[in-house]
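Colleague:
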Amino acid sequence: MPTHFNWRVDGRVAVISLRRPERKNSLTFESYAELRDTFRALADDHHVRAVVLGSNVGNFSSGGDVHEIIGPLLSLDVKGLLTFTRLTGELVKAMRACPQPIIAAVDGACVGAGAMIALFSDLRLATPAAKTAFLFARVGLAGCDMGACSILPRLIGQGRAAELLYTGRAMSAEEGERWGFFNRLCTPEALLQEAQAFSRQLVEGPTFANGITKTMLHQEWAMTLEQAIEAEAQAQALCMLTGDFTRAYEAFVAKQKPRFEGN
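Position 40, counted from 1, in the sequence shown is what our numbering calls 40; the numbers after and before it change by one each time, with no gaps.
(1) Take GLU194 as the anchor and find which of VAL52, LEU225, GLU174 and LEU81 has the nearest alpha-carbon.
(2) Anyone know if the C-beta pair for ARG12 and SER62 falls short of 8 Å?
(3) On a Cα-Cα basis, can you pick out the residue from ALA41, ILE69, ILE16 and HIS46 that is closest to LYS30?
(4) Near LEU225, which residues of its chain fall below 8 Å by C-beta distance, leaving aside the five closest residues on each side in sequence?
(5) In angstroms, rounded to a whole number, what distance separates the CA positions of VAL106 and GLN256?
(6) Measure the beta-carbon distance from THR211 to PRO99 and round it to whole angstroms, keeping in mind my assumption that it falls under 8 Å.
(7) Could you have a look at SER199 and say whether DSSP puts it in helix, strand or coil?
(8) Spatial neighbours of ALA209 within its chain, please: CB distance less than 6 Å, with the 5 preceding and 5 following residues excluded, ordered by chain position.
(9) Check for me: the beta strand (DSSP E) holding CYS110 runs from which residue to which?
(10) Below 6 Å CB to CB, which residues in the same chain sit around ASP65 once its five sequence neighbours on both sides are set aside?
(11) Give me the Cβ distance between VAL15 and GLY54, rounded to the nearest whole Å; I'm assuming they're in contact under 8 Å.
(12) Helix, strand or coil: which one does DSSP assign to LEU35?
(13) Just to confirm, is the Cβ distance from PHE181 to ILE151 under 8 Å?
(14) Grab the span of the alpha helix (DSSP H) containing MET171 for me, first residue to last.
(15) Is the stretch 136-154 touching the stretch 232-249 in the sense that three or more CB pairs, one from each, lie closer than 8 Å?
(16) Who are the Cβ neighbours of MET171 in its own chain at under 8 Å, not counting the five residues just before and after it?
(17) Please classify GLN196: is it buried, with 16 or more other beta-carbons within 10 angstroms of its beta-carbon, or exposed?
(18) Would you identify the three-state DSSP class for GLY114, choosing helix, strand or coil?
(19) According to the Cβ coordinates, are ILE103 and PHE39 closer than 8 Å?
(20) Measuring only the C-alpha atoms, how far is ALA126 from VAL203?
(21) Do THR85 and TYR32 have their beta-carbon atoms positioned less than 8 Å apart in this structure?
(22) What are the start and end residues of the beta strand (DSSP E) that includes PHE5?
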């Protein structure tokens with residue numbers, strides 16, 4: 001079992017939340033590494049079919065811990081610093097590489113690396129109390145952290161991303177929904193429930209095909225339209241070989257709802 005975050009599997013949905021509510025669920029060197037390793041392992045986990053990244057006691061994550069990460073970084077040389085910055089990037093790369101869709105359920109503080117974890121989730125739900133800030137500039141760092149300058153403009157637009165990354169100001173939940181960062185807003189009481197219901201809806205779908213969709217959503221950013229069309233033709237042909245495709249056809253003919261089995 002993980003030591004730095006809560007973990008449980010509800011049906012085929014893994015539910016994760018950081019385990020430091022007294023520090024607004026801040027990250028440490030160890031929790032970065034444990035989360036990275038967990039998402040890497042999920043690539044070979046055929047039981048878990050979706051992941052919910054939840055909040056804990058009113059907060060998602062306040063990012064890197066000031067005393068346990070920021071302070072120690074001041075004593076590292078450039079090699080040590082690069083080891084750390086690569087570690088943070090390895091976490092979000094592992095999130096992208098795992099085939100399961102990831103849903104972030106954001107309440108309260110969602111800042112710094114916490115905001116990046118939400119950004120690299122596939123879908124994001126939030127409460128009206130969610131405050132999301134890419135606050136690197138406020139601590140003397142560049143906004144280009146963990147892939148922010150690549151992903152954030154694609155999600156909310158270049159100008160809005162530039163504003164948040166230059167200023168480090170908090171984006172309100174209402175702004176986040178309006179700009180497309182959050183898929184929807186929920187009450188605090190319903191946040192986790194709605195995230196789990198959303199994830200169960202995905203679990204009931206064609207798992208292999210959903211994994212292909214996630215892969216193509218990421219890979220096609222670097223393709224021309226012609227390359228994307230050909231890549232999608234090949235991906236869809238693979239999906240047509242699955243049992244789920246056959247089950248969907250047979251259910252349609254029988255006027256029934258298909259029961260997907262993930263193969």
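Glycine is no exception: its CB is placed at the ideal position from the N, C-alpha and C atoms.
Modeller: According to the structure data:
(1) VAL52
(2) no
(3) Note on residue identity: the sequence assigns Glu, not Lys, to residue 30. Checked all of ALA41, ILE69, ILE16 and HIS46; the closest Cα to GLU30 is ILE69.
(4) none
(5) 36 Å
(6) The displayed chain sequence assigns Gly, not Thr, to residue 211. Contact flag correct, Cβ pair sits at about 3 Å.
(7) helix
(8) CYS239
(9) 109-111
(10) SER26 and THR28
(11) 6 Å
(12) helix
(13) no
(14) Per DSSP, MET171 belongs to no alpha helix (DSSP H); it is in the beta strand (DSSP E), 170-172.
(15) no
(16) LYS131, THR132, ALA133, LEU164, TRP179 and PHE181
(17) buried
(18) helix
(19) no
(20) 21 Å
(21) no
(22) 5-10
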